[in-house]
DNA sequence: AATGTCATCAACCGCCTGTCG
DNA sequence: GCGACAGGCGGTTGATGACAT
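Residue numbers (the numbering used here): 2 to 239.
See the structure below:
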């Protein structure tokens with residue numbers, strides 16, 4: 002059958018509303034199904050990404066706090082680029098957000114390192130005084146490593162260490178990690194951090210319009226209701 | 001004010017993994 | 001056990017806004 006052309010690029014407000022409505026209706030699973038019944042000309046993947054990274058009500062938005070920054074760096078030193086795993090430890094933050102943060106931060110760091118090396122007569126002294134997380138670590142080549150043994154600019158390197166389950170884990174000196182980050186303001190403890198539940202979706206729905214009347218729903222989401230008609234309403238049968 | 005550069009973030013892509021028939 | 005499919009993950013790109021010159 003003829004494949005309907007999928008939309009790409011930035012999401013419109015109307016699309017967000019539509020997606021949120023159907024996720025509330027059916028839950029955040031079966032993304033291909035959701036994409037279909039919602040009438041959004043988006044792939045299931047695209048819908049999932051939009052929901053997870055932007056529309057989810059539990060998302061915290063805004064700048065990373067110093068505490069979050071430290072946690073990210075600490076967890077990255079343990080787990081490497083396991084962004085989703087790291088994200089679990091930072092409620093309200095997405096893997097994408099953390100990944101972006103890391104990339105930005107590490108690029109800056111790599112640039113600083115290059116400058117330092119260029120201006121230092123003895124480049125080997127750069128990390129030699131760092132107290133290593135693993136005190137018995139061999140001398141470390143901090144040039145970034147990619148899977149095919151090429152060097153990745155954004156990865157600042159670290160020891161590649163095999164762990165039990167076969168995962169590779171990079172280990173960084175904590176001094177190395179912290180030194181590039183401003184220490185947090187002492188007064189800014191975790192207790193002061195107010196989670197900001199500010200998914201922009203809720204701005205669009207000031208009066209709980211996600212839970213509108215049947216008539217309103219029918220007007221707003223005709224695709225869904227026509228779809229249901231075609232399916233003999235079997236969605237709710239089970 | 002105009003232009004260039006950099007930082008940030010949303011979104012896409014391709015690969016991997018888990019599940020189901 | 002195998003193939004198909006859906007979902008998840010990490011890497012990467014492109015648009016945009018902020019800042020510097």
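C-beta: ideal position from N, C-alpha, C; glycine also.
Counted as a single uninterrupted DSSP element, the alpha helix (DSSP H) harbouring residue 86 occupies residues 84–89. Of the other Cβ atoms in all chains shown, fewer than 16 fall within 10 Å of the Cβ of residue 105; this residue is therefore exposed. Just so you know, the alpha carbons of residue 33 and residue 83 end up roughly 25 Å apart.
Rounded to the nearest whole angstrom, the C-alpha separation of residue 92 and residue 61 is 8 Å. Of the residues assessed, residue 89 falls on the exposed side of the cut-off, its CB having fewer than 16 other CB atoms within 10 angstroms. Secondary structure note for residue 25: its alpha helix (DSSP H) is the uninterrupted segment 14–27. For residue 79, the three-state secondary structure derived from DSSP is helix.
Between residue 39 and residue 20 the beta-carbon gap is near 6 Å, inside 8 Å, which marks them as a contact.
In the DSSP annotation of this structure, the continuous segment of the alpha helix (DSSP H) that includes residue 45 starts and ends at 45–51. By the Cβ neighbour-count rule, residue 81 is buried, with 16 or more other Cβ atoms within 10 Å of its own. When C-alpha distances from residue 107 are compared across 70, 87 and 8, the shortest belongs to 70. Taking all protein chains shown into account, residue 98 has 16 or more neighbouring C-beta atoms within 10 Å of its C-beta and is therefore buried. Looking at 54, 67, 44 and 87, the one whose alpha-carbon comes closest to that of residue 9 is 44. With respect to the 8 Å criterion, residue 35 and residue 24 are classified as neighbours on the basis of their beta carbons. Of the candidates 15, 58, 101 and 49, the residue whose Cα lies closest to the Cα of residue 65 is 101. When only Cα atoms are considered, residue 26 and residue 52 end up about 14 Å apart.
Burial is judged here by how many other beta carbons sit within 10 angstroms of a residue's own beta carbon; residue 47 has at least 16 and is buried.
The C-alpha of residue 96 is placed about 8 Å away from the C-alpha of residue 86.
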